[in-house]
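Mapping of the sequence shown onto this note's numbering: residues 9 to 592, in sequence order.
In this text, a Cβ means the ideal position worked out from N, Cα and C, and glycines have one as well.
What follows is a short report on a single structure.
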Amino acid sequence: SGVINVRTRFPDARPLTRVSVQHGVYSTPRSSAAKYWKGAAQQSNIRFLHSQQMGSWDVVIGGNILGDDGFLAPENIVENDAAKFRFQPWKVDRFGAEYRARLNANIRKRETKVEGMSYGLNTNWQIGESLNTLIWQNAPDSIYGAFEGAATRTNQLIGTVDPYVQYLSPSGIRHNLRTRWQYLNNDNDNEQSNGSHVLYGEYQVFVDGNRWNIPGLKITTGLVNLTALSRAELYSGGSSDGNNTATNQSVYVQVDQSIGDRFNLSGGGRYEHFAVNGKGAGKPVFRLGGNYQLAEATFLRSSYGQGFRFPTIAERYIRTGLGALQIYPNEELRPEYSWSAEIGLKQGFKVGAFAGFLDLAVFRQDFEDFIEFTFGPWGPDEGEAPTEENAYGLGFMSVNTGGSRVTGGEISINGRLQLDRVRIDILTGYTYTDPVSTTPDLNYNPDSTSNYAATYYGTSHDTTGLILKYRSPHVFRFDAQISGEKWFGGLSARYQTNLRNFDQAFISFEENPAISGINWGARDWLEQNPSLPWIIDARFGREWSNGHKVTLIVNNIANQEYAIRPMAMEAPRLTTLMYTYEIN
């Protein structure tokens with residue numbers, strides 16, 4: 009339910025060129041027994057950017073080349089082969105390894121023959137190879153290895169082409185036309201290759217209320233159309249042959265009105281219609297929010313909004329297997345609905361030389377027909393007999409699990425201490441959430457003829473407080489940086505409570521190896537690691553007036569060994585040295 013805002017940097021009168029080169033080394037994991045290979049995993053990264061104005065054209069060109077060993081085990085272990093473990097940044101031969109090269113270009117015509125019109129094109133293309141795994145082999149001896157059949161090697165090509173036109177009419181009405189073509193091709197090594205073409209178009213109109221002598225009024229309205237054409241071996245479940253089509257059309261309007269100098273009101277509505285392979289649904293959703301300035305540095309805000317999410321092609325039609333783990337399609341999956349509300353207070357303050365803002369907020373979000381990827385006897389496929397090879401029909405599937413609710417609160421402080429020749433910037437915050445199932449006894453098995461009752465209680469590992477799966481109730485973060493004229497040093501810390509609840513199937517597989525033949529060691533790992541550690545990162549840098557800058561970055565400085573999600577290790581210490589040269 010978050011929002012990410014991405015802004016493009018357009019060139020100014022002076023050309024800008026920036027090049028960054030960095031190299032990092034992963035430390036040896038704490039558990040020496042878990043590192044059964046030689047050598048140290050490493051990564052290299054090269055970035056470049058050039059932006060320049062050429063007459064009435066704005067031009068931006070950038071790129072990135074990354075070679076990352078990852079921090080997991082090699083795909084194949086070759087004893088006494090020193091060459092095997094030398095860093096080869098463009099070779100992907102370890103689980104979690106990745107190589108990619110990206111090139112992007114942005115061009116914009118600022119001055120055209122039509123007064124008030126500008127147009128441009130943005131494009132971004134990336135090619136790469138990766139070797140990913142979802143589940144470790146076993147604990148404690150191979151927590152950095154890969155479970156048999158759960159690793160996927162992917163050769164990927166992805167690109168976008170985004171033409172756009174902007175026009176400001178003499179009467180002050182702003183028109184925006186944004187379009188996109190996105191191409192994706194994933195060539196996988198396990199009969200899970202997939203690709204897609206996505207066509208997107210949005211026409212938006214913005215009107216300022218001053219044209220009607222209504223100061224403070226702003227109206228934004230628009231139309232959106234999206235069509236996705238997908239072909240995938242793994243999206244061939246149910247009635248699908250692997251070729252799928254998804255569409256989305258919507259129309260929206262938003263009205264913003266400032267009332268006096270202190271009160272701002274915003275409201276809007278949107279009608280969405282989604283369809284996958286001709287089966288669709290539509291629903292209007294609304295939002296309303298306000299912001300009131302109580303005092304010089306005191307702001308009160310509140311908002312209410314509705315949400316509507318249609319099942320994806322993958323959720324409805326995926327059919328694949330990761331070793332003994334089978335994944336089944338659900339063509340009867342229904343859309344998910346929600347509403348959310350928030351009220352918050354932002355207070356500015358100053359204590360001596362330290363000034364900043366304190367932000368407090370409480371929120372709630374309720375879901376209906378909540379979609380979860382959960383375990384059960386959903387198989388085997390029609391016409392197949394239950395066997396050990398298909399785990400006797402046991403597997404995962406996306407299902408509507410009924411109702412759920414997330415309530416919580418957040419507090420954050422953002423401030424700066426300004427001294428004579430040094431400044432200290434601080435950002436810290438704590439978030440508490442209580443995500444619970446409101447229908448724990450509901451049988452959400454879509455097969456009404458089955459004797460199996462799928463419920464929250466029956467599929468959850470820990471039902472204390474009815475907490476949802478894979479959720480951390482407490483999250484704390486802290487960041488501080490001290491900066492001088494040509495140097496800086498920073499420290500960040502984060503902590504979250506462990507995921508108490510997850511799919512009981514991961515434990516059940518171990519407890520009944522006669523069915524699955526699996527022993528991940530998950531239960532022993534969880535008993536020996538009942539909580540997550542604090543993760544602390546550090547950074548130090550020095551820059552020179554001639555455009556040179558050197559930065560040392562150390563992530564997970566204490567080299568903690570931990571898994572946020574059961575059976576998926578997080579990275580050990582990564583020490584990186586970065587050099588940047590900028591001409592402006």
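Burial state of residue i, where buried means 16 or more other Cβ atoms lie within 10 Å
i, result
"Ala579", "buried"
"Ala41", "exposed"
"Leu341", "buried"
"Ser179", "exposed"
"Tyr243", "buried"
"Gly75", "buried"
"Phe282", "buried"
"Trp552", "exposed"
"Gln50", "buried"
"Ala90", "Its pLDDT being 45, under 50, Ala90 is placed unreliably in this model, and the value from its coordinates should be taken loosely. By the neighbour-count rule (16 or more Cβ atoms within 10 Å), Ala90 is not buried but exposed."
"Ala154", "buried"
"Gly286", "exposed"
"Ser458", "exposed"
"Arg144", "First, the residue type needs correcting, since residue 144 is Trp and not Arg in the sequence shown. Buried, since its Cβ has 16 or more Cβ neighbours within 10 Å."
"Lys354", "buried"
"Ser346", "buried"
"Trp603", "The shown model of the chain, from 9 to 592, leaves out residue 603, and the question about it has no answer."
Limits of the unbroken alpha helix (DSSP H) element including residue i
i, result
"Thr160", "No alpha helix (DSSP H) holds Thr160; the beta strand (DSSP E) holding it covers Ala159 to Leu176."
"Asp532", "Ala530 to Gln536"
"Glu210", "Taken as a continuous stretch (DSSP letters only), Glu210 belongs to no alpha helix (DSSP H), being part of the beta strand (DSSP E) at Asn202 to Asp216."
"Ala240", "Note, Ala240: premise wrong, no alpha helix (DSSP H); beta strand (DSSP E) at Leu225 to Ala240."
"Glu323", "Ile321 to Tyr325"
"Gln466", "The sequence shown places Gly at residue 466, rather than the Gln named in the question. Start and end: Tyr464 to Thr467."
Element boundaries [beta strand (DSSP E), containing residue i]
i, result
"Gln314", "Thr306 to Arg317"
"Glu376", "Phe362 to Glu376"
"Thr382", "Ile379 to Gly384"
"Ser59", "Gln50 to Met62"
"Thr588", "Leu582 to Ile591"
"Pro448", "Here Pro448 belongs to no beta strand (DSSP E), and DSSP marks it neither H nor E."
"Met577", "Premise fails: Met577 is in no beta strand (DSSP E) and is neither H nor E."
"Arg26", "Leu24 to Tyr34"
"Phe357", "Glu344 to Val359"
"Ile475", "Counting along the chain, Ile475 falls outside any beta strand (DSSP E), and DSSP gives it neither H nor E."
Contact check, residue i vs residue j, beta carbons under 9 Å
i, j, result
"Thr141", "Asn112", "no"
"Arg372", "Arg413", "yes"
"Met577", "Ile561", "no"
"Arg239", "Asn202", "yes"
"Trp533", "Ala147", "yes"
"Asp487", "Ile434", "yes"
"Phe510", "Ser468", "yes"
"Val407", "Ile490", "no"
"Met455", "Ile421", "Here residue 455 turns out to be Asp, not Met, going by the sequence shown. No, Cβ-Cβ distance for Asp455 and Ile421 is not below 9 Å."
"Gly297", "Leu273", "yes"
"Pro19", "Ser59", "yes"
"Arg108", "Ser64", "no"
"Gly364", "Gly352", "no"
"Leu450", "Tyr464", "yes"
"Phe381", "Glu323", "yes"
"Gly157", "Gly329", "yes"
"Gly230", "Val259", "yes"
"Pro319", "Glu280", "no"
"Gln262", "Gly276", "yes"
Backbone CA spacing between residue i and residue j [nearest angstrom]
i, j, result
"Tyr172", "Met125", "11 Å"
"Lys661", "Thr235", "The question about residue 661 has no answer here: the residues shown for the chain are numbered 9 through 592."
"His556", "Leu57", "15 Å"
"Tyr336", "Phe548", "49 Å"
"Arg327", "Glu199", "11 Å"
"Gln265", "Ser247", "49 Å"
"Asn251", "Asp77", "34 Å"
"Thr472", "Pro443", "12 Å"
"Asp216", "Leu225", "6 Å"
"Ser311", "Ala349", "6 Å"
"Ile419", "Thr441", "12 Å"
"Phe95", "Asp101", "11 Å"
"Phe294", "Ile227", "15 Å"
"Gln61", "Val67", "6 Å"
"Glu392", "Gly401", "9 Å"
"Leu582", "Arg182", "48 Å"
"Glu569", "Leu540", "9 Å"
Residue i beta carbon near the ligand ATP (any heavy atom closer than 8 Å)
i, result
"Leu176", "The model on display carries no ligand, and the ligand ATP is accordingly not part of it."
Entirely enclosed beta strand (DSSP E) segments - the stretch 393-418, minimum 3 residues: 403-408
Going along the chain, which unbroken runs of the beta strand (DSSP E) with 3 or more residues stay wholly within the stretch 485-520? 495-504
Those runs of the beta strand (DSSP E) which lie wholly inside the stretch 263-308 and span at least 3 residues: 271-284 and 287-303
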